[in-house]
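Numbering of the sequence shown is given in the UniProt record's numbering, commencing with residue 1 and proceeding in unit increments. Every residue gets a Cβ at the ideal spot worked out from N, C-alpha and C, and that includes glycine.
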Amino acid sequence: MSDDGDYDLKQILKIVALCVAWYSFSAGGNIVGKTVLNDFPYPMTVTMVQLMSIAFYLGPILRVWDIPLPSDISWSYYAKMIIPLAFGKFINSVSAHVSIWKVPVSYAHTVKATMPLFTVVLSRIILHEKQTTKVYLSLLPIVTGVLVATFTELSFDMIGLISALASTLVSTIQNIAGKKCLKDTGIHHLRLLLVLARLAMLFFFPVWVFYDIRRIMRDDSLVKHDHWLRAVILLLIDGFCNFAQNVIAFTVLAMLTPLSYAVANATKRIVIIFVSLALLRNPVTLLNVIGMLCAVLGVLAYNKAKFDMHRAKMREKTLPLVRSQVDLTQNHYKLPRTYTGHNLLLDQHTHVLDLGKEFTSETVARDNDRLNHQINNGGIYLHVHHAGRSLQHL
């Protein structure tokens, strides 16, 4: 196997291993998060613990790995790109925690399958980007599946639905802006994650103290029933799972194209839905499961449609070519003259020759200058089939 082949195989195995770890920590984090929020209904505190975990664990790791600090990033770029990303990270996390607190994890992630819908709408509004018919049609099973899952959800809650939609919208914007930030600045993806976590923690610390800490201090149930110890342990586990899945997610985002990342993210959602159904055992109906499957399959169809659209655009950028076989028996109708396929052949310099006239050595020699043929050893090497016979070395 060649060195390039070995490198490609190693890259594939690395991506597969990262995705398996990503799915495992994401599913585990969602289940632990749901459990902790049932006993400790303070989603903003859960978010702050996660941000603190990223800052606590990731800082020393970056120093050990000697990942450079960001340089040449202007304050104006911080203001217009990085600070909004930090705000988005906090809002996305809080909204996601509210959603899994109010509704089952499986339903919350089914709603998050609407991310392609937000992507198409935002691309149309902001970038004035049009999609192909296949892309628009792929949104139908997503919307249908989410609607079916919503109307058949036994534990439906409007706040949970709105929170899941808000988290999906912010996450869509973050994915687009995050990839652009990595490209614009050249900053290491883990360094960007640390910067966003620290900024989000700094900006929202006063809000957290004012809103959550006062309520927690007045919550007698945490003290009376010893829930605080269980809550602290679950918070620490949830914080580590979130740290691990964030590090892996940012690594995968940096390694893959946006389309490949979207496919990996859709697969992660499938894993989370079915693992949560198996472990948390929240009641579901057959229609509910069908709605979930329909939404997720719609996401995969959307990714395939986007891939086809991207490939078609890349083809349009190449030079126009006649799609044909060597003797032009295919697509000869696209030629400017009305030759039929069996009357045409190509020489070594891709000039078109007419088989309708008699080919002899004298004929070819007479037209040599006009046709720009290369003559070797007194003859022209051609190989065509016409009326069941082969013409070679005239």
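Classified as exposed, ASP72 has fewer than 16 neighbouring CB atoms from the shown chains inside 10 Å of its CB. Of the other Cβ atoms in all chains shown, 16 or more fall within 10 Å of the Cβ of TYR23; this residue is therefore buried. Per the C-alpha coordinates, the member of ALA113, LEU139, ILE54, ASN282 positioned closest to LYS306 is LEU139. For ALA301, same chain residues with a beta-carbon under 7 Å away, outside a window of 5 residues either side, are SER138, PRO141 in chain order. For the region 244 to 303, the continuous alpha helix (DSSP H) assignments of 4+ residues that do not extend past its boundaries occur at 258 to 280, in sequence order. Burial state of TRP75 is exposed, judged by a 10 Å Cβ sphere holding fewer than 16 other Cβ atoms. The Cβ-Cβ distance between VAL247 and LEU58 falls below 8 Å. Using a Cβ distance threshold of 8 Å, ILE54 and LEU194 count as a contacting pair. Excluding its 5 nearest sequence neighbours in each direction, SER276 has C-beta neighbours in its own chain below 8 Å: ALA27, ASN30, ILE31, LYS34, PRO104, VAL105, SER106, HIS109, ASN282, listed in chain order. Closest by C-alpha distance to LEU196, out of ALA21, VAL46, ARG63, ILE91, is ILE91. For the set HIS128, LEU256, ALA266, the Cα lying nearest the Cα of THR168 is the one of ALA266.
Listed in chain order, the non-local C-beta contacts of ALA96 below 6 Å within the same chain comprise SER167, local neighbours out to five positions each way being set aside.
Comparing alpha carbon positions, the residue from ALA79, GLN131, GLY145, GLY298 closest to ILE290 is GLY145. Taking C-alpha positions only, VAL148 is separated from VAL284 by approximately 12 Å. A straight-line Cα-Cα distance of about 30 Å links TYR42 and LYS80.
Taking a contact as a CB-CB distance under 8 Å, the pair MET44 and MET201 does not count as one, their CB atoms being some 12 Å apart.
Exclusion of the five residues before and after TYR77 leaves ASP184, THR185 as the residues of its chain whose Cβ lies within less than 8 Å of its Cβ. Under the DSSP assignment, PRO206 falls in the alpha helix (DSSP H) whose first and last residues are 189 to 208. DSSP places LYS130 in the coil class of the three-state scheme, outside both helix and strand. It is roughly 24 Å from the alpha-carbon of SER171 to the alpha-carbon of SER155.
Our two residues, PRO70 and ARG230, have alpha carbons roughly 39 Å apart in a direct line.
The Cβ atoms of LEU182 and HIS189 lie closer than 8 Å to each other. A straight line joining the alpha-carbon of GLY298 with that of ASP66 spans about 42 Å. SER221 counts as exposed, since fewer than 16 other beta carbons sit within 10 angstroms of its beta carbon. The alpha-carbon separation between PHE205 and LYS134 amounts to approximately 45 Å. With a cutoff of 8 Å on beta-carbon distance, THR152 and ASN288 are scored as near each other. Shortest Cα-Cα distance from ILE233 to any of ARG63, ALA278, PHE40, ARG311 involves PHE40. It is roughly 16 Å from the alpha-carbon of LEU122 to the alpha-carbon of LYS112. Restricting attention to THR257, ARG191, ILE162, the CA atom closest to the CA of ILE176 is found in THR257.
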